[in-house]
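Peer 1: Protein chains in written order, with this note's numbering: chain U, 150 to 235; chain Z, 20 to 450.
#1: Give the DSSP bridge partners of residue 236 of chain Z, in chain order.
#2: For residue 161 of chain U, I'd like the list of residues in its chain whose CB is within less than 6 Å of its CB, leaving aside the five on either flank, ordered along the chain.
#3: Quick one: what's residue 378 of chain Z bridged to in DSSP?
#4: Hey, is the stretch 351-368 of chain Z in contact with the stretch 213-224 of chain Z, meaning 3+ C-beta pairs nearer than 8 Å?
#5: Can you pull the chain U residues whose beta carbon is under 9 Å from the beta carbon of residue 27 of chain Z, in chain order?
#6: Mind pulling the beta strand (DSSP E) runs of 3 or more residues that sit fully within the stretch 164-247 of chain Z?
#7: Given a cut-off of 8 Å, decide if residue 323 of chain Z and residue 244 of chain Z are closer than it, judged by their beta-carbon atoms.
#8: Residue 185 of chain U touches chain Z at which residues, Cβ-Cβ below 8 Å?
#9: Go through its chain and collect everything with a Cβ distance to residue 80 of chain Z's Cβ below 6 Å, but skip five positions before and after it.
#10: Specify the secondary structure class of residue 153 of chain Z as computed by DSSP and reduced to three states.
#11: Opposite residue 268 of chain Z in the DSSP bridges: which residues?
#12: Can you name the residues of chain U whose CB is closer than 8 Å to the CB of residue 24 of chain Z?
#13: Quickly, what does DSSP pair residue 25 of chain Z with across the bridge? List them, please.
#14: Could you name the residues of the same chain whose beta carbon sits closer than 8 Å to that of residue 281 of chain Z, not counting the 5 residues immediately before and after it, in chain order?
#15: Taking all protein chains shown into account, decide if residue 216 of chain Z is buried (16 or more other Cβ within 10 angstroms of its Cβ) or exposed.
#16: Between residue 215 of chain U and residue 182 of chain U, is the Cβ-Cβ spacing less than 8 Å?
#17: Rounded to the nearest angstrom, what separates residue 177 of chain Z and residue 203 of chain Z at their Cα positions?
#18: At the level of alpha carbons, what is the spacing between residue 168 of chain U and residue 69 of chain Z?
#19: Is the CB-CB distance between residue 354 of chain Z and residue 141 of chain Z below 8 Å?
#20: Where do the N-terminal and C-terminal ends of the beta strand (DSSP E) with residue 164 of chain U fall, by residue?
#21: Please report the straight-line C-alpha distance between residue 200 of chain Z and residue 165 of chain Z, rounded to a whole angstrom.
#22: Would you list, in sequence order, the uninterrupted beta strand (DSSP E) runs of no fewer than 3 residues that lie entirely inside the stretch 49-128 of chain Z?
#23: Against chain Z, does residue 205 of chain U count as a neighbour if the rule is that its beta carbon must be under 8 Å from one of theirs?
#24: Between residue 211 of chain U and chain Z, is the shortest Cβ-Cβ distance under 8 Å, so that the two count as touching?
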């Protein structure tokens with residue numbers, strides 16, 4: 150239900166990280182999706198590609214690690230692991 | 020990573036959902052636009068309901084909100100029961116009111132003490148406030164928990180209850196199961212009365228507006244689950260005439276529809292409206308609490324809504340105790356019925372105001388059309404109007420201060436977007 154705001158928030162963080170490091174483009178983004186997060190990897194990728202159009206992250210490689218551990222303390226979360234900038 | 024790229028470790032939570040924003044346009048020191056932008060994606064519940072059995076409506080719509088699922092359960096039951104000509108017996112109506120009391124207590128207390136009070140005391144959030152006002156926060160949480168206890172027992176669980184159905188409940192509690200709630204509710208009633216007194220001494224902005232209040236009104240009780248639709252400008256209509264009075268319109272800056280009267284007016288739903296239109300229906304202790312808090316019978320200062328909510332908490336606790344003491348389980352948990360074709364209308368008083376449901380059902384019992392109007396969407400226009408009036412004298416202040424002012428004004432309404440604690444992205448266009 151909340152993909153739009155989730156991706157918008159993620160992109161805003163990526164943008165902030167990139168600008169903090171004076172980057173002009175984002176080459177790759179790495180995220181971790183908890184086992185109980187409310188989005189699948191394919192759905193996340195689809196929304197990321199759609200939402201990143203026109204941003205610094207447009208066309209960036211997206212690496213997604215999906216956890217299968219429902220006991221993980223952050224099993225419901227999505228973590229932005231790293232941003233690769235050029 | 021290549022020679023021309025570098026990887027920056029972040030390891031931050033990306034999942035922060037719920038979005039609202041305020042856009043202010045200031046031209047030559049004058050406010051020319053104040054737009055509350057809600058861009059939560061549409062959720063399509065009305066479309067989702069089409070083709071579903073009308074008996075499924077309460078369970079489906081209860082998932083719309085985790086803070087006021089009881090309101091959705093009750094409005095959908097009221098609409099389908101209206102359609103089927105079903106009248107629930109007194110013990111079931113009483114239990115439903117008791118369940119609604121639980122929701123009012125937990126929702127109002129959450130808003131008053133966790134979201135609204137930090138604004139007045141100058142804290143960024145309830146956690147910071149708790150460091151210096153630990154006893155108050157603990158008391159509030161315990162009162163809230165008393166409300167949760169009602170919902171958990173009657174609803175089967177605290178969030179998104181599952182024990183309500185068209186015609187009644189799936190299972191009725193025994194007197195012995197209700198009895199243990201009593202002591203905690205009695206404590207909470209005393210505690211809520213006491214907690215209201217320091218709130219009455221808060222420094223409220225000197226701000227009043229001439230609202231058109233709209234709420235339900237019932238012959239004998241302060242409205243929760245039933246009543247006619249009344250307003251401060253004299254309308255008195257059956258719920259079935261809701262659509263003749265208020266219509267919804269799309270506005271470009273919000274995914275949530277706005278409501279207007281046929282004459283283009285905006286209306287104010289929620290505690291201030293209920294209280295103003297039903298002051299004579301307050302329970303004795305709630306009336307005394309209102310007096311002790313210095314509230315007149317009509318409150319037009321939205322910042323004082325924290326006090327009116329407190330009065331309604333006292334009322335809900337008093338009602339809960341009365342209903343538990345008088346509870347005699349009926350013979351059957353639900354009235355039998357067969358779905359029939361037609362259109363049904365239901366409205367109940369969610370903590371944030373009138374929640375309206377309308378369903379059209381075919382001969383096969385399947386829903387062909389559904390309309391659900393949440394009070395937050397109706398209140399959007401009045402929130403924007405408040406902001407225009409309240410922000411105007413503050414335009415000279417820096418954006419950060421302006422944002423705090425706006426957040427406080429918006430929070431008067433307890434708008435039900437999932438991030439209402441700290442949600443506001445403020446853009447100020449100064450020319």
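Idealized CB from N, CA, C, for every residue including glycine.
These numbers come from a predicted model, not from an experiment.
Peer 2: For this structure:
#1: Translated into the one-based positions of the second chain, residue 236 of chain Z becomes position 217. Residue pairing by DSSP places residue 236 of chain Z opposite Z:247 in a beta bridge.
#2: The residue you call residue 161 of chain U lines up with position 12 of the first chain. No residues qualify anywhere along the chain.
#3: Taking the second chain and counting its residues from 1, the one referred to as residue 378 of chain Z is at position 359. Paired residues: Z:363 and Z:389.
#4: Too few Cβ pairs lie closer than 8 Å, so no.
#5: For this step, residue 27 of chain Z is matched to residue 8 along the second chain. Going along chain U in sequence order, the residues near residue 27 of chain Z (Cβ under 9 Å) are 166, 167, 169, 170, 172, 231, 232, 233 and 234.
#6: Counting only runs of 3 or more, we get 233-236.
#7: Residue numbering aside, residue 244 of chain Z sits at position 225 when the second chain is read from its first letter. Residue numbering aside, residue 323 of chain Z sits at position 304 when the second chain is read from its first letter. For residue 244 of chain Z and residue 323 of chain Z, no; Cβs fall outside 8 Å.
#8: Residue mapping note: residue 185 of chain U aligns to position 36 of the first chain, counting from 1. The premise fails here: residue 185 of chain U is roughly 11 Å from chain Z at the closest Cβ pair, so nothing lies under 8 Å.
#9: Taking the second chain and counting its residues from 1, one reaches residue 80 of chain Z at position 61. Non-local beta-carbon contacts of residue 80 of chain Z in its own chain, meaning distances under 6 Å to residues more than five positions away in sequence, involve 91 and 95 in chain order.
#10: Locating residue 153 of chain Z in the second chain gives position 134, where the first residue counts as 1. Helix at residue 153 of chain Z.
#11: For the purposes of this step, residue 268 of chain Z is identified with residue 249 of the second chain, where counting begins at 1. Residue pairing for residue 268 of chain Z: DSSP places it in a beta bridge opposite Z:277.
#12: Translated into positions along the second chain, residue 24 of chain Z becomes position 5. Those are 176, 177, 233, 234 and 235, listed as they occur along chain U.
#13: Reading the second chain from its first residue, position 6 is the one you call residue 25 of chain Z. Answer is U:234.
#14: Within the second chain, numbered from 1, the residue matching residue 281 of chain Z stands at position 262. By the criterion of a C-beta distance shorter than 8 Å, residue 281 of chain Z is surrounded in its chain by 263, 264 and 266, once the five residues flanking it on both sides are discounted.
#15: Against the second chain, residue 216 of chain Z aligns to sequence position 197. With fewer than 16 Cβ atoms within 10 Å of its Cβ, residue 216 of chain Z is classed as exposed.
#16: As a position in the first chain, residue 215 of chain U is number 66, starting the count at 1. As a position in the first chain, residue 182 of chain U is number 33, starting the count at 1. Result yes, Cβ atoms of residue 215 of chain U and residue 182 of chain U sit closer than 8 Å.
#17: As a first step, residue 177 of chain Z is located in the second chain; it is residue number 158 there, counting from the start. As a first step, residue 203 of chain Z is located in the second chain; it is residue number 184 there, counting from the start. When rounded, the distance between both Cα atoms is 16 Å.
#18: Looking up residue 168 of chain U in the first chain gives position 19. Looking up residue 69 of chain Z in the second chain gives position 50. The straight-line gap from Cα to Cα measures roughly 47 Å.
#19: Numbered from 1 along the second chain, position 335 holds the residue referred to as residue 354 of chain Z. Numbered from 1 along the second chain, position 122 holds the residue referred to as residue 141 of chain Z. It is not a contact, given that the beta carbons lie outside the stated cut-off.
#20: Counted from its first residue, the first chain places residue 164 of chain U at position 15. Per DSSP, residue 164 of chain U belongs to no beta strand (DSSP E); it is in the alpha helix (DSSP H), 152-169.
#21: Position 181 of the second chain, counting from 1, holds the residue named residue 200 of chain Z. Position 146 of the second chain, counting from 1, holds the residue named residue 165 of chain Z. Straight-line spacing of the CA atoms in residue 200 of chain Z and residue 165 of chain Z works out to 7 Å.
#22: Unbroken beta strand (DSSP E) runs of no fewer than 3 residues, entirely contained in the stretch 49-128 of chain Z, are found at 49-57, following chain order.
#23: Looking up residue 205 of chain U in the first chain gives position 56. Against chain Z, the CB of residue 205 of chain U has no partner CB under 8 Å away; the residue lies outside that interface.
#24: Here residue 211 of chain U is taken as the residue at index 62 of the first chain, counted from 1. With a threshold of 8 Å between beta carbons, residue 211 of chain U makes no contact with chain Z.
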